[in-house]
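Every number in this note's numbering is 665 more than the matching position in the sequence shown, counting from 1. Built from N, CA and C at the ideal position, the CB exists for glycine as well. All of these numbers come straight from a predicted model, not from anything done at the bench. Encoded as structure tokens, the structure appears first; notes follow it.
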Amino acid sequence: MPEVPFQILLYYLYTPLERPGVFLEEQVALCERLELRGRILIAGEGINGTVSGRQAATKEYMRVMRADP
């Protein structure tokens with residue numbers, strides 16, 4: 666079985682979230698789709714997360730997060 670490179674992402678961003686509940690649902694769907702595991706704290710004042718998964722999945726997660734204004 667070939668070795669699969671895994672990566673861990675640790676991040677935070679203090680920014681007002683108008684609809685943290687909606688953002689939470691989006692994060693759950695994204696992490697499930699990418700098979701990421703970890704913990705993401707979401708509040709009205711921002712987001713703090715630690716997720717891990719295959720390197721391709723973590724790169725896609727970062728791409729999606731950077732594209733979200």
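Quiz prompt | Option in Phe-671, Ile-673 and Tyr-677 with minimal Cα separation from Arg-731 | solution = Tyr-677
Quiz item: Which residue spans inside the region 667 to 695 form an unbroken beta strand (DSSP E) run of at least 3?
Solution: 671 to 679
Exercise. With a cut-off of 8 angstroms on the beta carbons, I'd call Gly-711 and Leu-682 a contact; round off their distance for me.
Key: 7 angstroms
Practice problem: Please work out which residues of its chain come closer than 6 angstroms, Cβ to Cβ, to Gly-709, disregarding the five sequence neighbours upstream and downstream, and give them in chain order. | Solution: Leu-682 and Pro-685
Quiz item: Starting from Gly-714 and walking both ways along the beta strand (DSSP E), at which residues does that stretch end?
Solution: 711 to 719
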